[in-house]
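Some notes on the structure that comes next.
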Amino acid sequence: MIAANFWSLIKKYDFSFFVIIAAIFMVGILNLHSATHSSHSQAAVNLYQTQILLFGFSIFAGMLISFIRPSTMARFSWPIYWINIGLLLLVLLLGMKGMGAKRWIVMGPFRLQPSEIMKISLILALARFFTSKRYFSELNLKNLIMPAFFALFPALLIIMQPDLGTGLVILLIFFMVVFYVGLKWKTIMILGIIGLISGLGMYQFGLKGYQKKRITAFLNPGMEPKGLGYNAIQSKIAIGSGKLFGKGFKKSTQASLNYLPENHTDFVFSIFNEEHGFFGSLLLIGLYLVLFFRFLWLAQSVTDVYDSIVVIGVMSVFFWHTLVNMGMVTGLLPIVGLPLPLMSYGGSSLLTFGICAGMATSISNYRNIF
Amino acid sequence: MLYTENSVKDYKPRAMVIGNIVALSFAVILGRLWYLQIYNGEKFFRYSLANSLRKENIKAPRGLVFSRNNKLLIHNVPRFDAIIIPQYLSNRKTSLKKLAKIIDMPVEAIEKTLRKRSSQPRYMSVIIKKNITKKEVAIMETENFKIPGVSVRQFIGREYPDKEIGAHLLGYISEINDKQIPRLRKKFGHKYRPGDHIGQAGIEEILDLHLRGEDGQQIVEVDALGRARRYVSTDNLFKGIINRSFKRGDNLRLTIDKDLQKTAYDSLEGKVGSAVAVNVETGEILVMVSRPSFDPSQFGRGITRKYWNSLITNENNPLLDRNIQEHYSPGSTFKTITALAGLEEGLIDEKTEINCKGHIKFGTRKFHCWKKNGHGKVNIYKAIKESCDIYFYKLAQILDVDVLAKYANMLGLGMKTGISLPREIPGLIPTKKWKKEYTGESWQRGETLSVAIGQSFVLATPLQLVMSYAALANGGKVLRPYYLKDIFNNAGEIVEKTSPKIIRELSFKPKTLKILKKALFSAVNEKKGTAYWFRGRGIKMAGKTGTSQVVRLSSDKIYTKCEEMEYKFRHHGMFVSYAPADDPKIAVSVVVEHGCHGSTAAAPVARDIITHYMKKYHSDIRAKIIAEEKILAQRNKKQ
């Protein structure tokens with residue numbers, strides 16, 4: 012029986028997510044190689060090899076996840092969420108120091124970043140919450156108190172690490188999910204106002220000095236061209252100088268002369284634009300859009316509400332990362348430090364995206380079996 | 020398992036909205052990319068070729084300083100440095116040899132300078148010789164194409180045409196140091212930057228913010244090695260990165276007379292001391308010189324070690340402005356104030372007469388008059404005219420020191436005059452309370468005797484003395500001294516104007532002032548007056564000599580001739596005066612350190628200043644002076 016099921020599963024296996032992800036990753040790995048090939052340190056030059064290994068591992072993890080039934084996911088939603096919260100607290104308490112921020116738990120050769128997994132845990136928890144209660148009409152403010160708590164609590168823990176970018180993504184995911192579940196327009200307005208006020212309040216009291224400076228630098232990048240606004244200006248120069256078709260593969264001067272720091276993580280998109288121009292970006296953004304709409308289509312084609320919410324949540328993880336990263340490197344948003352999915356170097360984020368793809372694949376595979 | 024009665028179909032509208040949000044978001048991103056890459060692509064492409072932008076500071080020329088007659092006191096001149104850019108030094112040996120010949124400097128010294136700076140990038144220039152002459156510049160410019168890597172760099176130098184004359188008042192500029200940056204930023208709210216040149220003394224320091232103007236900035240494209248490629252025209256692509264032209268500093272017109280300054284300075288030739296002259300009615304400073312002095316032009320940019328050492332090892336401290344930063348026992352010049360107190364308090368009058376036998380005894384101590392055999396019968400006129408000490412000792416026996424201090428304070432002694440110059444000191448007028456606080460001992464009545472003749476604790480700056488005499492001369496107006504007539508910008512518009520300020524108006528008995536003025540007149544113009552031999556020709560001066568004891572002399576040395584003492588023990592000579600006596604216009608105070616007598620050392624300086632002033636500004640008196648001078652010249656010829 013199980014074997015028969017397994018074979019029917021394999022026959023219906025939806026490879027579309029992994030295929031699209033792999034396509035973007037291919038672009039990403041070439042770009043990463045180009046960004047780092049002229050670096051002074053051999054370690055940086057070899058980064059792309061590490062990235063390939065990490066991606067292989069992430070796809071493998073995603074594949075494994077894709078064989079977990081959505082109902083099983085639903086059943087374990089709460090335990091996963093609370094364990095994740097526990098890990099976040101643990102990180103805060105005794106996390107190791109790295110980059111001036113406490114983000115990791117070290118387990119042998121692995122460094123676990125609970126804030127990354129929190130994105131997924133939150134989606135599961137929210138989906139579970141909204142399917143275990145009866146909502147006949149659109150959500151009002153009162154209905155939002157509990158789910159808001161589920162999102163705000165981890166977001167706060169993450170911002171305290173301090174990792175402003177991930178904390179904000181957690182909140183953005185929450186907004187997308189509750190919007191999907193249904194919000195009254197009035198509620199949206201009130202949330203907007205609360206968001207604005209708390210945002211200002213956080214800027215005043217909650218942010219670390221360097222975070223504040225980044226925002227000031229965003230608002231006025233020319234203030235200190237060699238100082239805080241430096242990244243923003245150099246990023247704009249890199250992007251703008253690409254013009255229509257770019258300078259060509261491995262021809263980025265901004266990266267090779269180290270004018271653009273962090274060119275292998277947060278600023279990969281700038282290098283991509285410098286080398287491949289507006290035309291290249293059009294294609295890359297096209298790839299991302301295919302991924303997003305594939306998620307959206309799946310969210311509407313499932314019968315189970317839980318599955319639908321999870322897929323929307325997973326989509327929002329990809330969507331927000333992509334949007335915020337592109338926004339910040341093009342100078343539309345402050346530099347908060349978020350990776351571009353599948354393009355930026357980094358194991359933790361790759362794993363998250365791999366797992367997300369796995370979950371979507373699972374939901375796609377199982378939707379017709381019952 | 021799930022309780023919801025909603026179906027996925029209910030979410031369809033919102034899925035559509037999300038789809039639209041996604042599409043719209045990336046439309047915005049693409050729009051932004053279009054703006055950066057297509058619309059501004061060329062510009063960014065250029066920037067990326069140059070690789071970076073750098074702000075270059077354009078120094079604003081400092082404001083100029085003029086005398087009251089619009090003659091230049093401080094101005095800016097182009098100066099030149101010989102520099103080497105190691106990167107372009109293709110033929111090192113011959114280039115250095117050629118340069119060494121032009122600027123007259125051994126090749127080894129040039130090599131040494133280059134080695135010292137070898138850690139900096141090779142495209143950055145190294146200054147080989149500062150302030151090269153115009154002739155050297157000319158040779159280098161013409162030979163330039165033959166000496167690759169060697170060139171001339173121009174900068175704005177600050178020049179003080181009168182050099183040492185009035186240097187203390189004008190001050191000097193030099194590069195700001197690390198400690199000053201935070202302190203001055205806080206004090207003036209101006210964003211001083213490393214490398215800025217700021218006023219470090221005198222007017223340059225006090226009026227720095229007016230003089231310095233605003234630096235401009237020019238954005239330059241810099242290539243991968245940080246070399247400036249070309250100037251970028253201003254655009255609003257990056258907020259805050261714009262080209263800005265500099266704003267010249269404002270110019271100052273002083274109340275100082277350039278010619279009088281020279282007269283005063285020359286008159287002090289070979290002496291250590293100072294002279295200050297003010298307009299009696301307004302408090303305008305006409306002359307303010309101090310010797311020894313320094314050449315402020317030497318500071319501007321890298322003072323030589325040799326010159327600096329010569330300044331700081333000079334025991335007469337050339338950097339000290341003796342008019343306001345040093346105080347002296349006013350000696351007999353203080354007797355005028357003692358007399359004022361006695362007359363106003365009704366303790367003495369015209370008829371009061373004493374007998375001077377050359378000394379008196381007070382308690383167990385013997386007080387001597389400067390004249391060993393005494394002056395005989397002395398009234399107030401004779402007391403001031405011949406500077407009889409005994410008269411004032413006797414007055415001091417009935418005059419409370421606090422009352423005396425009150426009159427001294429009224430005339431501005433014992434407190435800063437309020438002149439807008441750095442590091443003015445307040446002098447000292449002792450009171451009983453002061454002595455108790457600072458020494459813990461109570462006042463001895465005998466000390467009042469010493470104070471009455473301006474010795475012991477009393478200290479005053481030459482500026483304070485001249486202001487107090489000016490107040491007596493003008494009928495009781497204590498004025499704030501000032502040197503700044505107005506500040507005007509480069510369009511010639513007046514930005515700020517100083518007007519005379521009366522600090523206090525004193526109302527003395529008319530009789531008192533009349534007596535004092537008559538006495539001060541006779542001291543200069545009547546035989547036996549202490550300054551009689553140094554009276555001016557054709558002008559009626561009034562004034563008082565003073566001798567400031569440097570050390571207290573034991574009784575056997577009191578009558579030793581001052582000139583026979585060791586230089587450092589000799590008395591300071593002072594002279595405070597005003598002229599013309601019947602209608603005072605100018606007041607002058609002169610101090611000559613270790614000059615022994617106010618009459619021989621200081622009075623001639625005051626006379627020179629006053630004579631020059633009268634000749635220049637009062638045509639009616641000029642005729643008299645010239646006539647008198649002719650008679651004198653003829654008389655000398657005959658002899």
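Line by line, the protein sequences give chains A and B.
Take the first sequence: its letters are residues 12 to 381, numbered as in our numbering.
Take the second sequence: its letters are residues 20 to 658, numbered as in our numbering.
Don't be surprised by glycine CBs; every beta carbon is placed ideally from N, CA and C.
Around the beta carbon of B/T274, a 10 Å sphere encloses 16 or more other beta carbons of the protein chains shown; the residue is thus reported as buried. In the DSSP secondary-structure assignment, B/Y347 is bridged to B/A479.
Secondary structure note for B/C407: it is in no beta strand (DSSP E), with a DSSP letter that is neither H nor E. The contact set of B/N110 on chain A, defined by CB atoms closer than 7 Å, is empty, because the minimum CB distance reaches about 30 Å.
Secondary structure of B/G190 (DSSP, three-state): coil. The C-beta distance from A/S45 to B/F63 rounds to 19 Å, too long to fall under 8 Å, and the pair is not in contact. Taking a cut-off of 8 Å on C-beta distances, the region 508-523 of chain B does not touch the region 323-335 of chain B, as fewer than three cross pairs fall below it.
Between the region 59-74 of chain A and the region 366-373 of chain A there are three or more inter-stretch CB-CB distances shorter than 8 Å, so the stretches are counted as touching. According to DSSP, residue pairing for B/E75 in a beta bridge involves B/Q237. Close to B/N270, with beta-carbon spacing below 8 Å, lies no residue of chain A; the smallest spacing is near 33 Å. Any Cβ of chain A closer than 8 Å to the Cβ of B/Q236 would place that residue at the interface, and such an atom is absent.
In the three-state reduction of the DSSP assignment, B/M560 falls in the coil class, being assigned neither a helical nor a strand state.
Runs of the beta strand (DSSP E) lying entirely within the region 81-167 of chain B and spanning at least 3 residues, in chain order: 91-103 and 145-148. Annotation: B/H590 is outside any beta strand (DSSP E) and is labelled neither H nor E by DSSP.
Residues A79, P80, R81, G82, F265, K266, R267, G268 and D269 of the same chain have their beta carbon placed closer than 8 Å to that of B/G232, with the five preceding and five following residues left out of the count. Using a Cβ-Cβ cut-off of 7 Å, B/R51 is close to T341 and L343 of chain A, given in chain order. Secondary structure at B/C375: strand, using DSSP grouped into helix, strand and coil.
Neighbours of B/N59 in chain A, taken as residues whose beta carbon is under 7 Å from its own, are G251 in chain order. Counted as a single uninterrupted DSSP element, the beta strand (DSSP E) harbouring B/R172 occupies residues V169 to E178.
Every unbroken stretch of the alpha helix (DSSP H) spanning 4 or more residues and falling wholly within the region 505-570 of chain B is given here in chain order: 529-544. For A/I181, the enclosing alpha helix (DSSP H) begins and ends at L175 to V192. In this structure, the straight-line span from the alpha carbon of A/E285 to that of A/F28 is close to 28 Å. Contact of A/Q311 with chain B is assigned, a C-beta pair being separated by under 8 Å. Taking a beta-carbon distance threshold of 8 Å, A/I248 counts as an interface residue toward chain B. The beta-bridge partner set that DSSP reports for A/L150 consists of A/L194. Contact of B/I151 with chain A is not assigned, every C-beta pair being separated by 8 Å or more. Secondary structure of A/G210 (DSSP, three-state): helix. For A/L302, the uninterrupted alpha helix (DSSP H) segment begins and ends at V279 to S312. Per DSSP, reduced to three states, the secondary structure at B/M307 is strand. CA-CA distance, B/Y578 to B/E585, rounds to 15 Å.
In the displayed model, A/V347 falls within coil according to three-state DSSP, outside both helix and strand. The closest CA to that of A/S312, considering only A/Y377, A/Y299, A/M171 and A/I63, is found on A/Y377. The region 520-528 of chain B makes no contact with the region 586-601 of chain B: fewer than 3 CB pairs, one atom from each, lie closer than 8 Å. It is roughly 58 Å from the alpha-carbon of B/Q280 to the alpha-carbon of A/Q245. When Cβ pairs closer than 8 Å are counted between the two stretches, the region 116-124 of chain B is seen not to touch the region 299-319 of chain B, the count staying below three.
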